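So in the working numbering, the last one in the sequence shown is 465, and the numbering has no gaps at all. Built from N, CA and C at the ideal position, the CB exists for glycine as well. Remember, it's a predicted structure, so these values are computed and weren't measured experimentally. Scroll down for the structure; my scribbles are underneath it.
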Amino acid sequence: MPPLGFFPPGPLLPAVFVAFSFVSAVDLLIALEEDGLISGFVELYVREGDPHLRTAHGLLTCYWDGTVHYGLCLAMAAAAGRRKSYRGLGLFWLGSLLMSAVVFLLGNLIGKYSAELSPSFLLNLPYLLLLTWAGLRLFQQPRALPNLSPEQIAEEQRKPLHQRPRDLLLILILILTAAFTFFRGMVVLDCPADSCFDYTYLHEPYLRDPVGYPKVQMLIYLFYLLPFLLLAIYGLAWPGCSWLPDWSLLFAGAVAQAQFAHLGSSLHSRTPFPYQTPEEVLGTFLLSNVLYALGPQLLALRCLRSPAFFVPPASPGLARAKKYQ
C-alpha cells in the first residue's frame, strides 16, 4: 500500500465524498422502493444481490444513509470547493458510516439470514478500505485551534469542577449513559439476573431478534462506547485532554446513526411482532433511547463551543516566549 503522503491532499478526498454520496442516493432509492413509494429501480439488486436490505434494520440504515450521509457528503464537498475546513463534519460522518457498516455487515454474518449471503458481499471490502483511507486522511488534516491567548486558556482550565455546573450535569448524563450501556450489554450476553430477563421480554424484545443486528449493536456499545464514555468523563473533569473534541464528534455520529436504526427497527412492521416494542412501554422506550442518543451529542457540542478547556497547557517557558514575541 502506498504511503498516505502519496495521495494529493486537495482534490482526491472531496471526490471520495462525491462517490459516497452516489452510494447514499442508491440506498435512498432502495428504501423508497421497499416501502412501496417507487418501483422498478433497484428491485433486482435487492432480490439477488443483498436481500438483507429488506430487513427493518437494512431499511432504516438505507434511510439514514440516503438522507444524513448524503447531506454530509454534499456539505463536505461544497466546503472543500470553497477551501473551508470540513474536518468536524467529516469526523461525524466517519463515525456514523463506520457504525452503520460494521453493525450491518457483522449482523449479516452472524444473524439468521447469514445463509443468504451471496458473492456480492465481497464488494463491501473495497468500500471499507476506501472508508478507512478517508478516515485516516480526515484525522491527518490540521485541527482548527481556538484563537485564544495563553491567559484565557489558563483561566478556563483553572476552574474546578464544582464551578462548572454544565460540565457536572454532562458528567451525570454520561454516567447514566454508561450504566445503561453496561446493562444492555449484559442483557444481550444472556445475564441470568431477573432484571435483565424482564427488560428483554417486557421493555425491549427487539434485543432478542435473531437477525443479529441488535446484539451486534449492543456489544459494540459495550466494548467501544462504554470505555469512551469513561474516558470522556475523565476528560471533562481534568483539563488539557486535546483528544476529546475529535473523538467526541466520531462517537456522536456513531451513536446518532445507531440509535436511529435501533429505535426505528424496534417499531418497524418488518420486525416480527414478538420482537416489536410493546405499546404499553412505548413512551419509556422512546424516552430512554432518545436520551441515550443525546448524551454524546451534548458532549460533542460542549467540546465545539468551549474548546479552551481541552487545549494542552503550554509549558511556562513557551508561554513567556509567545508573550514577548
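Leaving out five residues before and five after Leu-214 in sequence, what residues of the same chain have Cβ atoms less than 7 Å from its Cβ? Excluding positions up to five away in sequence, the list reads Ser-161.
Could you check which residue in Thr-424, Ile-178, Leu-268 has the C-alpha nearest to that of Leu-342? Thr-424
By how many angstroms is the C-alpha of Leu-169 removed from the C-alpha of Leu-177? 9 Å
Using the three-state DSSP reduction, which class does Gln-303 fall into: helix, strand or coil? helix
Proximity of Pro-385 and Pro-447 at Cβ, strictly below 8 Å: yes
Quick check: what's the CA-CA separation for Ser-382 versus Glu-296? 14 Å
Buried versus exposed, by CB contacts within 10 Å (16 or more), Gly-180: exposed
Pro-154 versus Thr-195: straight-line alpha-carbon distance, rounded: In this structure, the alpha-carbon of Pro-154 lies about 32 Å from that of Thr-195.
Would you call Val-158 buried or exposed, if buried means 16 or more other Cβ atoms sit within 10 Å of its Cβ? exposed
Same chain only: Cβ atoms within 6 Å of Pro-345, ignoring 5 sequence neighbours per side: Tyr-415
Less than 8 Å between the C-beta atoms of Leu-270 and Val-156, yes or no? For Leu-270 and Val-156, yes; Cβs fall inside 8 Å.
Are Gly-435 and Gly-235 close, meaning C-beta to C-beta below 8 Å? no
Every unbroken alpha helix (DSSP H) within the segment 390 to 425, with a cutoff of 4 residues, ordered by chain: For secondary structure counted as the alpha helix (DSSP H) over 4 or more consecutive residues, the segment 390 to 425 holds no complete run.
CA-to-CA distance, Val-351 to Glu-174, given in whole angstroms: 18 Å
In chain order, what residues of the same chain lie with their CB nearer than 8 Å to the CB of Ala-219, ignoring the 5 residues before and after it? Here the set comprises Ser-225, Tyr-226, Leu-229.
Is Ala-333 helix, strand or coil when you go by DSSP? Ala-333: coil per DSSP, three-state reduction.
Nearest-angstrom beta carbon gap, Gln-397 and Met-239 [assumed within contact, 8 Å]: That pair is a contact at about 5 Å.
In whole angstroms, what is the alpha-carbon distance linking Val-242 and Glu-291? 44 Å
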